[in-house]
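Peer 1: Count along the sequence shown from 1, add 340, and you get the number used in the working numbering. All residues carry an ideal CB built from backbone N, CA and C; glycine is no exception. Pasting in a structure now, in structure tokens, and then I'll have a few things to ask.
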Amino acid sequence: MSYQEIIEELFTSVKQEKNIGSLATFIPELGNVDPGKFGIHLTQVDGLSYGIGDHEERFSIQSIIKVPSLALAYKLMGESLWTRLGYEPSGNPFNSLVQLENDHGIPKNPLINSGALVISDVLISKLNNPHEDFLEFVRKAAGNPSISYSPRIAESEKSASYRNTALCNFIKSFGNIRNNPEEVLDFYFNQCSIELSCRELSEAFFFLANYGLAPPDNDRMMTVSQVKRINAIMQTCGFYDESGEFAFKVGLPGKSGVGGGIVAIHPGQYSIAVWSPILNKKGNSYRGVKFLEQFTTRTELSIF
Ligand code: GLN
341 MSYQEIIEEL FTSVKQEKNI GSLATFIPEL GNVDPGKFGI HLTQVDGLSY
391 GIGDHEERFS IQSIIKVPSL ALAYKLMGES LWTRLGYEPS GNPFNSLVQL
441 ENDHGIPKNP LINSGALVIS DVLISKLNNP HEDFLEFVRK AAGNPSISYS
491 PRIAESEKSA SYRNTALCNF IKSFGNIRNN PEEVLDFYFN QCSIELSCRE
541 LSEAFFFLAN YGLAPPDNDR MMTVSQVKRI NAIMQTCGFY DESGEFAFKV
591 GLPGKSGVGG GIVAIHPGQY SIAVWSPILN KKGNSYRGVK FLEQFTTRTE
641 LSIF
């Protein structure tokens, strides 16, 4: 059976089942999304691509952007980045404060909020025009000049940012945020506000499936070794305190966001994005996890 036939069949069966969980209402704008949306898009490294459902509709990718942010910071800083944060799974929710006190403001990894705030701080220090230069990096990775921030979503997140503000100030108190916390938070909210369709998202992560080369001209985004390490961090930390379960069920490196998106990659094979906004208790898309679990089971292809 082809990928296309398997996607079609699983899309239909998952859609018929009950969707269990809730929208991410802690960001007011995300509470206004149609909970029934469901899209999937797969982009193969050989150039073939296939999508179904709401795969051309843009949605808020939220924490999925933490991977491109990490990629750019790692490219700019090299191994010295790891003096500012770790690469171990946290075993805690994405917006948790608890470990930071014991760890003296060094976040466990870059794919939880505390880590992404430190990455944002690094990017502000390293880039001449952080907002513009970061967008340029994402556009280049995706081969898509139309990607932009959404002021509407960034503002909405800012209006209820009590936890992220606490995190940023707390890390600052340990000296691991070097810039003004307000500036760091503003940049972080803008990153999280980016909206992409499943097609665009799978294209933006293509370089991680393609050993660092991005479409359309095979531009090298980063070294093969750096890509390996980013994929390893997605595998161990991409789903917060559900990362072990995602590895167990799906067996691919990936990243989720509270907008209901999940992107996963199979090195050398494909990048796949799924969107369904109803989240499980850990903040990961209920149908997204379900679909991907069945997809790697049916195709009998995972990295393991
Ligand atoms: N913008 C969200 C936040 O900071 C991102 C969380 C997520 O997608 N897990 O809370």
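Is the segment 348-368 touching the segment 579-591, taking contact as three or more C-beta pairs under 8 Å?
Peer 2: The segment 348-368 is not in contact with the segment 579-591.
Peer 1: Within the continuous alpha helix (DSSP H) that includes Ala494, where are the two ends?
Peer 2: Per DSSP, Ala494 belongs to the alpha helix (DSSP H) from Pro491 to Lys498.
Peer 1: What's the gap between the Cα of Thr365 and the Cα of Ser642?
Peer 2: Each residue's alpha carbon lies about 33 Å from the other.
Peer 1: Shorter than 8 Å, the distance from the beta carbon of Val598 to the closest heavy atom of ligand 1, or not?
Peer 2: Flag set: Cβ of Val598 near ligand 1.
Peer 1: By DSSP, does Leu425 sit in helix, in strand, or in coil?
Peer 2: Leu425: coil per DSSP, three-state reduction.
Peer 1: Rounded C-beta distance between Pro560 and Glu396? I'm assuming under 8 Å.
Peer 2: Note on residue identity: the sequence assigns Arg, not Pro, to residue 560. That belief does not hold up - the Cβ atoms of Arg560 and Glu396 are roughly 28 Å apart, past 8 Å.
Peer 1: Per DSSP, what are the beta-bridge partners of Arg560 in this structure?
Peer 2: In the DSSP output, where bridge partners are listed per residue, Arg560 has Leu553.
Peer 1: As an exercise, report each continuous alpha helix (DSSP H) stretch of at least 4 residues that is fully enclosed by the segment 343-423, in chain order.
Peer 2: Whole alpha helix (DSSP H) segments, 4+ residues: 343-356 and 406-417.
Peer 1: With Ile602 as the anchor, note down where its beta strand (DSSP E) starts and where it stops.
Peer 2: Gly601 to His606 is the extent of the beta strand (DSSP E) around Ile602.
Peer 1: Measure the C-alpha to C-alpha separation of Glu543 and Val590 and round it to an integer number of angstroms.
Peer 2: Approximately 20 Å, taken between the alpha carbons.
Peer 1: Near Gly379, which residues of its chain fall below 6 Å by C-beta distance, leaving aside the five closest residues on each side in sequence?
Peer 2: Within the same chain, Gly379 has close Cβ partners Gly393, Asp394, His395, Cys538 and Trp615.
Peer 1: Can you tell which of Ser490, Leu507, Tyr414 and Ser533 has the C-alpha that lies nearest to the C-alpha of Lys466?
Peer 2: Among Ser490, Leu507, Tyr414 and Ser533, the Cα nearest to that of Lys466 is on Tyr414.
Peer 1: On the three-state DSSP scale, how would you describe Ile612?
Peer 2: If DSSP states are grouped into helix, strand and coil, Ile612 belongs with the strands.
Peer 1: Inspect the beta-carbon positions of Phe635 and Ile612 and report whether they are closer than 9 Å.
Peer 2: Yes, Cβ-Cβ distance for Phe635 and Ile612 is below 9 Å.
Peer 1: Among Ile464, Gln566, Ile367 and Ile602, whose alpha-carbon lies nearest the alpha-carbon of Val500?
Peer 2: It is Ala, not Val, that sits at residue 500 in the sequence shown. It is Ile367.
Peer 1: According to DSSP, is Leu437 part of a helix, a strand, or is it coil?
Peer 2: Coil.
Peer 1: What does the Cβ neighbour count give for Lys406, buried or exposed, with the cut at 16 atoms within 10 Å?
Peer 2: Answer is buried; the Cβ neighbour count reaches 16.
Peer 1: Identify whether Lys512 lies in helix, strand or coil by the three-state DSSP scheme.
Peer 2: In this structure, Lys512 counts as helix in the three-state DSSP scheme.
Peer 1: Just checking my contact of Leu463 with Phe474 at CB under 8 Å: how many whole Å lie between their CB atoms?
Peer 2: Right, their Cβ atoms sit about 6 Å apart.
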